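Novice:
Protein chains: 2
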Amino acid sequence: MKQQDVFRALADPTRRAILKRLQGGALSAGDIGAAFDITPASLSHHFAVLKQADLVRTERRGQYIVYSLNSTVMEDLARMVLDLFPPGGARGGKR
Amino acid sequence: MKQQDVFRALADPTRRAILKRLQGGALSAGDIGAAFDITPASLSHHFAVLKQADLVRTERRGQYIVYSLNSTVMEDLARMVLDLFPPGGARGGKR
DNA sequence: GAAATATTTAGATGATTGGCTAAATGTCTG
DNA sequence: CAGACATTTAGCCAATCATCTAAATATTTC
Numbered sequence: 009m010k011q012q013d014v015f016r017a018l019a020d021p022t023r024r025a026i027l028k029r030l031q032g033g034a035l036s037a038g039d040i041g042a043a044f045d046i047t048p049a050s051l052s053h054h055f056a057v058l059k060q061a062d063l064v065r066t067e068r069r070g071q072y073i074v075y076s077l078n079s080t081v082m083e084d085l086a087r088m089v090l091d092l093f094p095p096g097g098a099r100g101g102k103r
Numbered sequence: 009m010k011q012q013d014v015f016r017a018l019a020d021p022t023r024r025a026i027l028k029r030l031q032g033g034a035l036s037a038g039d040i041g042a043a044f045d046i047t048p049a050s051l052s053h054h055f056a057v058l059k060q061a062d063l064v065r066t067e068r069r070g071q072y073i074v075y076s077l078n079s080t081v082m083e084d085l086a087r088m089v090l091d092l093f094p095p096g097g098a099r100g101g102k103r
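Sequence order for the protein chains is R and F.
The numbering of the first sequence is the working numbering, which starts it at 9 and goes up by one.
The numbering of the second sequence is the working numbering, which starts it at 9 and goes up by one.
1. Relative to the C-alpha of residue 35 of chain F, which candidate in F:68, F:13, F:92 has its C-alpha closest?
2. Give the DSSP-derived three-state secondary structure of residue 30 of chain F in the structure shown.
3. Mind checking the stretch 77 to 95 of chain R against chain F and listing, in chain order, the residues whose C-beta falls within less than 7 angstroms of any C-beta there?
4. When the cut-off is 8 angstroms and only beta carbons count, does residue 21 of chain R lie next to chain F?
5. Decide yes or no for the touch test of the stretch 21 to 30 of chain R against the stretch 86 to 94 of chain F: beta carbon pairs closer than 8 angstroms, at least 3 of them.
6. Suppose only complete runs of 3+ residues qualify. What are the beta strand (DSSP E) ranges in the stretch 47 to 83 of chain R, listed by chain order?
7. Under 8 angstroms between beta-carbons, which chain R residues line up against residue 28 of chain F? List them in chain order, please.
8. Does the stretch 12 to 25 of chain F come within contact of the stretch 48 to 67 of chain F, defined as at least 3 CB pairs closer than 8 angstroms?
9. Is residue 60 of chain F close to chain R, meaning its C-beta is less than 8 angstroms from at least one C-beta of that chain?
The structure is reproduced here in structure tokens:
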């Protein structure tokens with residue numbers, strides 16, 4: 009898993025908002041976009057970034073493409089965060 | 009709390025490496041920089057970003073400035089992540 | 001199969017970013 | 001105080017990024 013892709017994907021507020029929007033369940037690209045004031049093309053760009061980070065999954069359903077949260081990365085993300093901020097405080101290192 | 013600052017700060021690999029380096033305990037700017045192939049000026053820029061995100065704390069000690077991890081943000085960061093990926097699985101898979 | 005709808009791709013543009021060099025600031029020591 | 005050392009600030013530049021418009025692709029419907 010490419011840690012860099014995940015952190016990069018989360019760095020943009022629009023993308024984080026997309027993820028939040030998906031918490032209510034899977035949505036088509038258009039339905040997600042309805043909440044944002046950006047063009048479908050820009051939206052699509054954000055989807056691509058989220059997908060590359062494996063944060064969302066896609067499934068074509070007829071003429072729609074449906075996006076859903078990939079909750080399994082939650083675990084990976086938690087690991088990444090813990091990796092940066094070890095529990096029990098930073099002091100001590102390998103003692 | 010400025011969520012955006014935190015995610016932005018974590019988006020850069022050098023900054024994440026700095027955080028990791030600080031896990032062993034507080035270090036002076038110079039000591040941290042020794043591990044990276046960038047100028048002190050660039051390093052200082054990264055420190056500023058990390059500080060703005062409240063991920064590190066500084067303390068002047070003589071002519072050195074000592075950086076240390078601010079582990080308390082760990083909690084905030086965990087909350088941010090959980091906020092994006094609600095535990096119990098985002099209802100949303102496919103249908 | 002052509003029109004309509006949904007989404008992505010291509011290409012362009014302005015803003016942000018990470019890096020550099022040079023200069024400024026802060027602190028210790030002789 | 002002067003000179004050395006540590007770090008930051010100030011400008012500058014190239015690369016990346018978020019966004020746009022226009023065009024392409026995919027799918028349904030008539």
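For glycine and all other residues, C-beta sits at the position ideal for the given N, C-alpha and C.
Quantities reported herein were computed from a predicted structural model and do not represent experimental measurements.
Specialist: In short:
1. Along the second sequence, one-based indexing puts residue 35 of chain F at 27. Cα-wise, what sits closest to residue 35 of chain F is F:68.
2. As a first step, residue 30 of chain F must be located in the second sequence, where it is residue number 22. Helix.
3. 77, 79, 82, 85, 86, 89, 92, 93, 94
4. Position 13 of the first sequence, counted from the first residue, corresponds to residue 21 of chain R. Yes, residue 21 of chain R counts as interfacial toward chain F.
5. Two segments are said to touch when three or more pairs of C-beta atoms, one from each, lie closer than 8 angstroms; by this definition the stretch 21 to 30 of chain R touches the stretch 86 to 94 of chain F.
6. With a minimum length of 3 residues, the continuous beta strand (DSSP E) runs that stay inside the stretch 47 to 83 of chain R are 64 to 69, 72 to 77.
7. Working through the second sequence from its first residue, we reach residue 28 of chain F at position 20. Here the neighbours are 91, 92.
8. yes
9. Locating residue 60 of chain F in the second sequence gives position 52, counting from the first residue. Chain R contact via Cβ: absent.
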